[in-house]
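Here is the structure we will look at.
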Amino acid sequence: MTDTKFQWPCEPIVIVDVEGNGHTPPDLVELAIASFPVVEGSDPLSWLIKPPNPITWQAKRVHGIGNSKVKSSPTWEELRGDVEQHLQGKWFVAHNASVDYGVIKRHLPDWAPIGVIDTLKLARHVYPNAQSHSLSALLTLTGLDVEISSELHRAGEDARVTALLLSRLIKDSLIKSWIEVCNIAQLKTQTEKETPAPEQGSLW
Numbered sequence: 001m002t003d004t005k006f007q008w009p010c011e012p013i014v015i016v017d018v019e020g021n022g023h024t025p026p027d028l029v030e031l032a033i034a035s036f037p038v039v040e041g042s043d044p045l046s047w048l049i050k051p052p053n054p055i056t057w058q059a060k061r062v063h064g065i066g067n068s069k070v071k072s073s074p075t076w077e078e079l080r081g082d083v084e085q086h087l088q089g090k091w092f093v094a095h096n097a098s099v100d101y102g103v104i105k106r107h108l109p110d111w112a113p114i115g116v117i118d119t120l121k122l123a124r125h126v127y128p129n130a131q132s133h134s135l136s137a138l139l140t141l142t143g144l145d146v147e148i149s150s151e152l153h154r155a156g157e158d159a160r161v162t163a164l165l166l167s168r169l170i171k172d173s174l175i176k177s178w179i180e181v182c183n184i185a186q187l188k189t190q191t192e193k194e195t196p197a198p199e200q201g202s203l204w
């Protein structure tokens, strides 16, 4: 549930998470888009993607997705139109959002969200004394860890619980409007030529 007294934006909000193949720059192997607010019983949209380069063993150790699992999956070129349609004209929210936004912007250079909100930055504002602001630590801190239904570091589950976290961050703060959220946690977006490629390992 979202706070009805909170002034939400008129545009839709989506929560996004990506998993990569461990290369620099990373290729997408999984992408998920969760609608917001979370509707009980509704799963995020999720795609497994066959990358042009093999998945490294280091990346597989993090998210558990191996090359055999994506062998029969569609390529990015087969999926890009569908993904872009679900992202167009919406607020883009993610935990450590510069990574997820950077990867997707590189794959969709002509796409531009309404804006990008980082729940990591927002959490640091709301819980300044937390020992860690990682997604798993924040879920434990807020008691949302009981809502975890599958393994973290898979895009669908990470997107879903990040959506729950966004609601909790608003609830636990004195923030009253989306404009205030933007002042605290909005990232500056860059043009295609200025968007840096994420460093290897920064996905996780």
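Using our numbering, the first residue of the sequence shown is number 1, and each one after it goes up by one. Glycine included, C-beta positions come from ideal geometry on N, C-alpha and C.
(request) Please report the residue range of the alpha helix (DSSP H) in which G81 lies. (result) 76 to 87
(message) Do I49 and S73 count as a contact pair if the criterion is CB distance below 8 Å?
(response) yes
(message) Within 8 Å, do at least three Cβ pairs link the region 161 to 170 to the region 97 to 113?
(response) no
(message) So if DSSP puts W47 in a beta bridge, which residue, or which two residues, is it bridged to?
(response) L31
(message) Assuming the contact rule is C-beta atoms closer than 8 Å, E30 and I114 should be a hit. Round their C-beta distance to whole Å, please.
(response) In fact, because the Cβ distance is near 24 Å, the residues do not count as touching under 8 Å.
(request) Would you kindly work out how many angstroms separate the C-alpha atoms of V14 and W57, rounded to a whole number? (result) 30 Å
(request) Have a look at the DSSP bridge pairing and note the partners of I15. (result) A34, V93
(request) Give every residue of the same chain whose Cβ lies closer than 6 Å to the Cβ of A34, excluding the five residues on either side of it in the sequence, and list them in chain order. (result) I15, P44, A159, R160, A163
(message) Using C-beta distances below 7 Å, list every residue in its chain close to H95, excluding the 5 sequence neighbours before and after it, in chain order.
(response) T119, L120, L135, T162
(request) Please say whether H86 and E19 have beta carbons closer to each other than 8 Å? (result) no
(message) Taking 8 Å as the threshold (C-beta atoms), are L138 and A123 in contact?
(response) yes
(message) Let me make sure I understand the geometry here. Which of R80, P51, W91 has the alpha-carbon closest to that of P37?
(response) W91
(message) Taking its Cβ as the centre, do 16 or more other Cβ atoms sit within 10 Å of P26, making it buried, or is it exposed?
(response) buried
(message) Quick check on DSSP: helix, strand or coil for G102?
(response) helix
(request) Would you kindly work out how many angstroms separate the C-alpha atoms of D82 and G22, rounded to a whole number? (result) 24 Å
(request) Within 10 angstroms of the Cβ of V39, are there 16 or more other Cβ atoms? Answer buried if so, exposed if not. (result) exposed
(request) Would you check if the distance between the CB atom of L187 and the CB atom of S98 is smaller than 8 Å? (result) yes
(request) Note down the Cα distance separating H112 from E84, rounded to an integer number of angstroms. (result) Here residue 112 turns out to be Ala, not His, going by the sequence shown. Taking the straight line from one Cα to the other gives about 10 Å.
(message) Just to check my reading of the structure: L144 and Y127 have Cβ atoms closer than 8 Å, yes? What is that Cβ distance to the nearest angstrom?
(response) 13 Å between Cβ atoms; not a contact.
(message) For D110 and V116, I'd like the C-alpha separation in whole angstroms.
(response) 16 Å
(request) Quick one: using the 10 Å Cβ neighbour count with 16 as the cut-off for buried, is E157 buried or exposed? (result) buried
(message) Since P51 and L28 should fall inside the 8 Å C-beta cutoff, what is the C-beta to C-beta distance between them, to a whole number of angstroms?
(response) 7 Å
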